[in-house]
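In the numbering used here, the protein residues as written are 1 to 397.
By construction, the Cβ of each residue, glycine as well, lies at the ideal position given by its N, Cα and C atoms.
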């Protein structure tokens, strides 16, 4: 078996098609979650042993993966049926930090969906701090919601707070609350809505390999406060190490909540340390680049001098940078608005005593060539696959 096929091999129990995979019902059992890897297409999956000894990633392979991930969304491949909306429900959404554009996008989608369902949605901002998070949970619990959405916070880290809701028979759904889509074992989270973050990370790194013709000099930016961020960083690192003539310069730990304060100085330090060897930055979130551009500009780095690539979530500012061809070339954008509708749909299924849908949206790489499609003109990734009408028909037949 070729090195690449050994390094990136399919896992059992996954149905793949139209760049989307659905978790089979038996995979929703917590004790089987460890074998589930949800992938955009069956060629591009990876095991924990991605960095198999002697495994390599070639430019041709990277180009093929990037090409498939930039296709336009054509059709809906999520759930086609579901329970009627149970009117009058009150939902609390606890947001890790509303400065994060991804979280804001999901909240906006959830608010859209709430109107269609006849529900009320209250949003509680954790402001990116332990104290803020504690207050958000306390206020949300005091609101006596029928359902809870954990948005952007680690479920295991916040499990004690989640159990308080579960003890009141309040169903819990998460967005980016764990490292994988599906239920989060050991917590009340019945469904973690997300694209597969490791596939997102690998795709981002593959884009750097393709862009550089296999000679990228890479800095990776991550946040050790979040297990999902560290998992994404490791996945990106493994791809770069598997590229024989790429160079991993550094993995830098920068708290997302402190990126505005720290990234200007860090960017200057990296320029001084690596100079022209630094050709690509891979970040776990677009927000780091919001605060890097000024330092690059002041150092007279041309707009195509360093390529910035983000493994999420497709912020409005990222779209603008890509469109203007100003440093940032790629974001692997989450369908944030769609995810907002999905978290509400998953709660509705739980209210009706039905299992969650287990839907995992396909990952999608946004670049200058496809940015005009699928919501890009509005500076967001919003698939043109009719998901709103499909959910409406399910909720209000």
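Residue i versus the options, residue with shortest Cα-Cα distance
i: residue 65; options: 116, 176, 202 and 84; result: 202
i: residue 76; options: 338, 106 and 211; result: 338
i: residue 362; options: 232, 198, 157 and 208; result: 198
i: residue 128; options: 114, 226, 186 and 277; result: 226
i: residue 249; options: 180, 396 and 272; result: 272
i: residue 350; options: 305, 86, 105 and 241; result: 86
i: residue 157; options: 145, 179, 275 and 146; result: 179
i: residue 207; options: 263, 366 and 344; result: 366
i: residue 73; options: 370, 146 and 103; result: 370
i: residue 276; options: 263, 301, 295 and 255; result: 301
i: residue 293; options: 269, 328 and 375; result: 328
i: residue 228; options: 196, 357 and 122; result: 196
i: residue 167; options: 256, 188 and 287; result: 188
i: residue 115; options: 218, 341 and 315; result: 341
i: residue 122; options: 94, 322, 100 and 356; result: 94
Buried/exposed call for residue i, threshold 16 Cβ in 10 Å
i: residue 89; result: buried
i: residue 23; result: Annotation note: pLDDT 33 at residue 23 (below 50); position unreliable, coordinate value reported separately. So residue 23 ends up on the buried side.
i: residue 133; result: buried
i: residue 389; result: exposed
i: residue 380; result: buried
i: residue 384; result: exposed
i: residue 265; result: exposed
i: residue 382; result: buried
i: residue 152; result: buried
i: residue 320; result: exposed
i: residue 334; result: buried
i: residue 297; result: exposed
i: residue 183; result: buried
i: residue 21; result: Here residue 21 scores only 34 on pLDDT, less than 50, and its place in the model should not be relied on; the value that follows carries that caveat. Its Cβ being crowded by 16 or more others within 10 Å, residue 21 is buried.
i: residue 238; result: buried
i: residue 61; result: buried
i: residue 163; result: exposed
i: residue 190; result: buried
i: residue 259; result: buried
Whole-number beta carbon distance between residue j and residue i, since they are thought to touch under 8 Å
i: residue 311; j: residue 284; result: 5 Å
i: residue 475; j: residue 193; result: Residue numbering for the chain in the displayed model covers 1 to 397; residue 475 lies beyond these limits and cannot be assessed.
i: residue 69; j: residue 280; result: The Cβ separation is near 17 Å, so there is no contact.
i: residue 137; j: residue 155; result: That belief does not hold up - the Cβ atoms of residue 137 and residue 155 are roughly 12 Å apart, past 8 Å.
i: residue 103; j: residue 96; result: 6 Å
i: residue 81; j: residue 394; result: 6 Å
i: residue 214; j: residue 245; result: 5 Å
i: residue 170; j: residue 146; result: 7 Å
i: residue 360; j: residue 181; result: 5 Å
i: residue 222; j: residue 233; result: 4 Å
i: residue 315; j: residue 286; result: 4 Å
Range covered by the alpha helix (DSSP H) that runs through residue i
i: residue 340; result: 336-351
i: residue 147; result: Unbroken run through residue 147 is the beta strand (DSSP E), 147-151; no alpha helix (DSSP H).
i: residue 141; result: 130-142
i: residue 297; result: 293-298
i: residue 393; result: 387-395
Opening and closing residue of the beta strand (DSSP E) in which residue i lies
i: residue 319; result: Run containing residue 319: none in the beta strand (DSSP E); it sits in the alpha helix (DSSP H), 316-324.
i: residue 122; result: 120-125
i: residue 429; result: Missing from the structure shown is residue 429; the chain here goes from 1 to 397 and no further.
i: residue 380; result: Counting along the chain, residue 380 falls outside any beta strand (DSSP E), and DSSP gives it neither H nor E.
i: residue 303; result: No beta strand (DSSP E) holds residue 303; DSSP gives it neither H nor E.
Practice item. Counting only runs of 3+ residues fully inside the region 45-102, write out the beta strand (DSSP E) ranges in chain order. Key: 90-95
Practice item. Note down, one range per segment and in chain order, each beta strand (DSSP E) of at least 3 residues found wholly within the region 162-204. Key: 172-175 and 189-193
**Study point:** Within the region 244-287, ranges of the beta strand (DSSP E) (whole runs, at least 3 residues)
**Key:** 247-253 and 280-283
Check your understanding: What residue ranges within the region 207-231 form continuous alpha helix (DSSP H) runs of no fewer than 4 residues, ordered along the chain?
Key -> none
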